[in-house]
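Beneath this line is the structure, given in structure tokens, with notes to follow.
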Amino acid sequence: MKPVWGLLGVAALSGAFFLGQTTEPGTAKASAEDTPVLVRADGSYPTKPLEKDVVVLKVIQTGVNSLQSFPSIQEGLDFNLAHMEKMAKDACTTGKKPDILLYHEFPLTGYSSGSRTEKLPYTVQIPGPETERLGKIARSCDTYMIFGSYATDPDWPGHILSINAVIGRDGTVVKKFWKSRNIKRLYADREITTTTIEAVRDRYREMYGMEEEFPVLQTEFGNIAVSTVQFDPFIFAAFAIRGTEIMLRTATLFDQADVTYTAFTNNYYSAMSNFALPLNPNYEAGESIIVDNKGKILAKEPSLDKDGIIEAEIPIAEFRKGRKIPNYAYEMVKPVFEQYRQEIPINHLDMPREQLPETGAAMKDLFDRISRFIGDGVKED
């Protein structure tokens, strides 16, 4: 995937974004007394005491095996779990002992095709039997283990979620990071159908709180956040302002410059775990990376099509010393962005199960109907 650098570069350097604000008709507004403190005015941010001065991050790159390609879903899950376990054991027994293990976006379920109804069975619930099994590895290795997955949740019937799960050193799920938003208008004939925070923002906020829109997990190894978003500088700026020190990213293909410039612009360490694919003239997979807060590559997996493990040390104590949140030009660019309205309104998938778009083409039809850029769209007051 290659970014449109005109848009990305300007937006990334401006660092402007909106956090918990809306002027859209029919959206929920929290009163000032109900709004939690999301950003400290003095530039500091909450942390936990560090257990060590330098932490070891390892990124695990593997292939993808769709559950649809196995005789049964359980056989597919067992196969993928066994491979995740093997790679984790390799990471824990070679090189430096990891404090954090990062997998890519779909090492457990792989990808599924077809309609929403057809895809729903090829998901997992988090926590569940799969995270219990992976938790044993995390506990024995004494490491955080992070991976992405297609998931479902009884509180969100019919929705297919893209979740990044964080398993703690005790083997339990300590955090679930929903995908913030999907990239849009990438394909001519379809849109991504998974449900993101943006797609159901008001109901998500009511259920989990504003703090969970850009959550940061404070750990003894630093403040971490996890995201599958790409080419979206405002999202990553929001995570930075909330106190992220290590931005962990899971990918379905990616552009290296997106990772390096995002880390540099937002002054945090970062990593991207990509999947491996058989060599193909249309796609270049693999090449997972770890970068520092200046965008310098600390480690890179050389392979496009093979499993691999890379590692880097993060001097978290020295990095945190005297650190403040990034210095953005928010007040300068605010008048421009206050007049901007994104093409597709938030909350676009907050609807009954029977109305949820079944296919990518149906999702595109929905976007075309509600677009503020084409047709009648949604009118502002």
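Counting from 2, one number per residue, gives the positions in the sequence shown under this note's numbering. Glycine included, every Cβ here is placed at the ideal spot set by N, Cα and C. No experiment lies behind these values; they were computed from the predicted model shown.
Please name the residue, chosen from the options, that lies closest to residue i on a Cα-to-Cα basis.
i: A200; options: R321, E344, Y46, D43; result: E344
i: E119; options: G361, A42, D54; result: G361
i: H349; options: R204, I311, V38; result: R204
i: D366; options: K185, M208, I315, M273; result: K185
i: I347; options: R206, I311, A258, E312; result: R206
i: P61; options: T251, N281, I315, N294; result: One detail in the question is off: residue 61 reads as Ile in this sequence, not Pro. With distances taken between Cα atoms, I61 lies closest to T251.
i: A258; options: P37, S271, G96; result: S271
i: F148; options: L102, P234, I315, Y123; result: L102
i: D351; options: L254, I161, Y145, I375; result: I161
i: Y104; options: Y123, L82, I375; result: L82
i: G159; options: A189, R191, T124, S141; result: T124
i: A330; options: D154, S73, F235; result: F235
i: A190; options: G287, A313, G376, D369; result: Looking at the sequence shown, residue 190 is not Ala but Asp. Of the candidates G287, A313, G376, D369, the one whose C-alpha sits nearest the C-alpha of D190 is D369.
i: I384; options: N275, G296, P279; result: Since the first residue shown for the chain is 2 and the last is 382, residue 384 is missing from the structure and cannot be characterised.
i: S141; options: T261, D171, P353; result: D171
i: A313; options: A92, R41, N281; result: A92
i: A239; options: N328, T173, S304; result: N328
Excluding the 5 residues preceding and the 5 following residue i in the sequence, name in chain order all residues of the same chain whose CB lies nearer than 6 Å to its CB.
i: V175; result: V167, G169
i: R243; result: F215, V217
i: G115; result: none
i: S70; result: none
i: I138; result: E86, A89
i: A363; result: none
i: T196; result: H160, L162, L350
i: P65; result: Reading the sequence as shown, one finds Val at residue 65 and not Pro. For V65, where only same-chain residues beyond five positions count, the Cβ hits under 6 Å are F107, G111, F276.
i: R342; result: R373
i: T23; result: In this prediction, T23 scores a pLDDT of 38, lower than 50, which makes its location untrustworthy; no coordinate-derived value is stated.
Determine the DSSP secondary structure at residue i, reduced to helix, strand or coil.
i: V175; result: strand
i: M352; result: coil
i: E52; result: coil
i: L68; result: helix
i: S228; result: strand
i: K59; result: strand
i: F338; result: helix
i: Q257; result: helix
i: T266; result: helix
i: G136; result: helix
i: L103; result: strand
i: G77; result: helix
i: S372; result: coil
i: R250; result: strand
i: V5; result: At V5 the pLDDT is 36, less than 50, meaning the model places this residue with poor confidence; the figure from the coordinates comes in the next sentence. Coil.
i: L357; result: coil
i: L305; result: coil
i: V201; result: helix
i: F215; result: coil
i: L367; result: helix
i: S116; result: coil
i: S163; result: strand
i: L121; result: helix
i: A89; result: helix
i: L82; result: helix
i: I317; result: helix
i: F148; result: strand
i: E1; result: With the chain covering only 2 through 382, there is no way to say anything about residue 1.
i: T23; result: Reliability fails at T23, whose pLDDT of 38 lies under 50, so the model's placement of it is uncertain and the value that follows must be treated cautiously. The answer is coil: DSSP assigns T23 none of H, G, I, E or B.
i: Y209; result: helix
i: A300; result: strand
i: Y188; result: coil
i: A277; result: strand
i: A362; result: helix
i: A31; result: Per-residue confidence for A31 stands at a pLDDT of 49, beneath the threshold of 50, marking its modelled position as unreliable; no derived number is given.
Quick test of your reading: residue i and residue j, contact by CB under 8 Å. State the CB separation rounded to the nearest angstrom.
i: A264; j: V227; result: The Cβ separation is near 14 Å, so there is no contact.
i: N267; j: A300; result: Wrong, their Cβ atoms sit about 20 Å apart, outside the cutoff.
i: A277; j: T63; result: 6 Å
i: T132; j: K180; result: Actually they are not in contact, since the Cβ atoms of T132 and K180 sit about 18 Å apart, beyond 8 Å.
i: I315; j: E302; result: About 17 Å; that fails the 8 Å criterion.
i: R182; j: I198; result: 7 Å
i: I127; j: A152; result: 5 Å
i: I317; j: F237; result: About 19 Å separates the two Cβ atoms, so there is no contact after all.
i: L135; j: M85; result: 6 Å
i: I290; j: M273; result: 6 Å
i: L254; j: A286; result: 6 Å
i: I326; j: G44; result: 5 Å
i: D306; j: P279; result: 5 Å
If you drop the 5 nearest sequence neighbours on each side, which residues of the same chain put their C-beta closer than 7 Å to that of residue i?
i: S67; result: G111, Y112, S113
i: R202; result: I347, N348
Excluding the 5 residues flanking residue i on each side, which residues of the same chain have their C-beta closer than 8 Å to its C-beta?
i: T245; result: V217, N224, I225, A226, N267, Y269
i: G129; result: none
i: E212; result: P37, L39
i: D100; result: K53, V56, V57, L58, T144, Y145, F222
i: G210; result: P37
Tell me whether residue i counts as near the ligand MG, meaning its Cβ is closer than 7 Å to at least one heavy atom of that ligand.
i: G129; result: Ligands displayed in this structure: none; no statement on the ligand MG is therefore possible.
Open item on the list: Assess contact between the region 44-58 and the region 69-79, defined as three or more Cβ pairs (one per stretch) separated by less than 8 Å. Is contact present?
Closed with: no
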